[in-house]
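Mapping the sequence shown onto our numbering, position 19 (from 1) lands on 26, and the numbers just tick up by one. Encoded as structure tokens, the structure appears first; notes follow it.
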Amino acid sequence: MVLLTTAASVQFGRPIVVRVIRELPDRRTYDGWLWLDAYELGRKGEAVARRELFVMRGGVRLEARRSTAVPHRTTVAVG
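And the structure:
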């Protein structure tokens, strides 16, 4: 997962987390910038939108994977 903030582009005044599908290398761009094909992730880690994003390579930050595992419950005898 990747965190995009204003360090990646001014369009991310509100930071977003995305799962990158691929870089789009066939698009012309400025040195140090790139196009990404990605899924924007919601608060629970689910994909909420597919987006093509223009970002500064140096501002892209990897984020630790969020756990989507359901907590394990244990039955405890009472009495």
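Glycine is no exception: its CB is placed at the ideal position from the N, C-alpha and C atoms.
- Residue 58 and residue 43 have their C-alpha atoms roughly 8 Å apart.
- Cβ-Cβ distances below 7 Å link residue 27 to 9, 43 and 45 in the same chain, with the five nearest sequence neighbours on each side left out; the list follows chain order.
- Judged by DSSP in its simplified three-state form, residue 34 adopts coil rather than helix or strand.
- With respect to residue 55, residue 15 sits apart: the two C-beta atoms are not nearer than 8 Å.
- Where residue 61 is concerned, the enclosing beta strand (DSSP E) starts and stops at 54 to 63.
- A direct Cα-to-Cα measurement between residue 29 and residue 64 gives close to 14 Å.
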